[in-house]
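J.:
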Amino acid sequence: MENKQQVYICHRNGYAVVKASGENILTYLQGQMTQDVKLMSSGQAIYAAVLNHQSKAITDFYVLPTRGDEVMFVCPAALAVTLVERLRSFALGYQLRIGVVSSFKVISLQGQGVNDYLQAAGLPVPSQASLAVAHSADIAVMRLPEAADDGVWCMLPAASMSSALLANTDEQDIITRRIIKGVPSFGVDWDEKIHPLNANLIERNGVSFDKGCYVGQEVTSRMHWRGGIKKKLYRVSLMREGFDGEGVVLPIPILTTVKVGELTSVADSKDGLFGIALLPISVVDAATPLKLEDGTEVKVLGICE
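For the sequence shown, our numbering begins at 104 and goes up steadily by one.
1. Would DSSP call residue 126 helix, strand or coil?
2. Give me, in chain order, the residues of the same chain whose beta-carbon lies closer than 7 Å to that of residue 265; leave out the 5 immediate sequence neighbours on both sides.
3. Taking the Cβ atom as the reference point for each residue, do residue 387 and residue 317 lie within a distance shorter than 9 Å?
4. Would you mind giving the Cβ-Cβ distance between residue 239 and residue 226, rounded to the nearest angstrom? I have them listed as a contact below 8 Å.
5. Please state if the CB of residue 241 and the CB of residue 260 are separated by a distance shorter than 9 Å.
6. Tell me residue 209's beta-bridge partners as DSSP assigns them.
7. Could you name the residues of the same chain whose beta carbon sits closer than 7 Å to that of residue 287, not counting the 5 residues immediately before and after it, in chain order?
8. Does DSSP put residue 175 in a helix, in a strand, or in coil?
9. May I ask you to list the residues that DSSP assigns as paired with residue 113?
10. Does any residue of chain D bring its CB to less than 9 Å from the CB of residue 129?
11. Assuming residue 149 is part of the beta strand (DSSP E), what are its boundary residues?
12. Under the three-state reduction of DSSP, which class applies to residue 302: helix, strand or coil?
13. Please name the residue, chosen from 237, 207 and 208, that lies closest to residue 221 on a Cα-to-Cα basis.
14. Please report the distance separating the alpha-carbon of residue 398 from that of residue 368.
15. Leaving out the 5 sequence neighbours to the left and right, which residues in its chain are closer than 7 Å to residue 105 when beta-carbon positions are compared?
16. Rounded to a whole number of angstroms, what is the C-alpha to C-alpha distance between residue 135 and residue 257?
17. Where does the unbroken alpha helix (DSSP H) through residue 365 begin, and where does it stop?
18. With 16 as the cutoff for other CB atoms within 10 Å, does residue 163 come out buried or exposed?
19. Are the beta-carbon atoms belonging to residue 148 and residue 166 less than 9 Å from one another?
20. Do you know how far the Cα of residue 168 is from the Cα of residue 141?
21. Within the same chain, show all residues whose beta-carbon is closer than 8 Å to that of residue 321, passing over the 5 residues directly before and after it, in chain order.
22. Taking residue 248 as the reference, which of 113, 339, 392 and 393 has the closest Cα?
Shown next as structure tokens:
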């Protein structure tokens, strides 16, 4: 199929599909994840995380209803089995089916012409709302501009793939574009060592503070209401001639006169060198000059959302 407006198509092998179903599945999930499942509908997905009792993140994910009493999770592939085990661990008294669906693919389509491309390919087109969802048979398309001004993720069985979904770019290219845009990734820019609220779960609309109890809720709520959020993830640029980010071992310390944060991701582009950094809110608010250990200037461009 002709790609008149450049739409980047990438098979996101770094992500996997998990499905969960059963009577009262939403009631069960309401007590397991950070975001309110009532915000989810047939046309709307949500972003959330599951935590342990110490409020440490196990993984983040997108979750959307499919049909009947079934929901679909899209999560980092390396943590899909861990997510299944975590969701099963508190399911005593529920008749649920939870498992990784290895036959499904996650395909990212990124670029301004994505809606026209979906229509020409006969694929469902979600609304422009963030994480809006459209379904067709066993295909789900979710609005997710991870690496461009517009974009979607398409989840479908590999056997249902048409030639319109053949990849024209690799996963590293999409990762580079994601970093430049300032979209954090779990397992790269944050993990279980960083509380989710310090990793912008609020800014990314991944947590509710009035939905009621869930595993890890107590510490999370206390941090929010008592001013315990001290750090955030920020989009940054790096300003030094000759520094291109090649061969660096991440994370890299970020300094004022002492270490205050870390550069967690870095990517080069024709417009400069960009990255994602975990920094104290107080340092950013004070516009304190920042640098790497080799003197490279670090400029904060904005908070990651």
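A virtual CB, placed ideally from N, CA and C, is assigned to each residue, including glycine.
T.: The relevant details are as follows:
1. In the three-state reduction of the DSSP assignment, residue 126 falls in the coil class.
2. 224
3. The criterion of a C-beta distance shorter than 9 Å is not satisfied by residue 387 and residue 317.
4. 7 Å
5. Against a cut-off of 9 Å, the Cβ pair of residue 241 and residue 260 comes out as a contact.
6. 258
7. 293, 302, 303, 336, 379 and 407
8. Here residue 175 sits in strand by DSSP.
9. 211
10. The chain inventory of the structure shown lacks chain D, comprising one protein chain alone.
11. Following the DSSP letters along the chain, one finds residue 149 inside the beta strand (DSSP E) bounded by residues 149–154.
12. helix
13. 237
14. 18 Å
15. For residue 105, the pLDDT reaches just 47, beneath the cut-off of 50, and the residue's location in the model is therefore unreliable, although a value from the coordinates is still provided. There are no such residues.
16. 25 Å
17. That residue, residue 365, is in no alpha helix (DSSP H); its beta strand (DSSP E) goes 362–372.
18. buried
19. It is a contact, given that the beta carbons lie within the stated cut-off.
20. 11 Å
21. 158
22. 113
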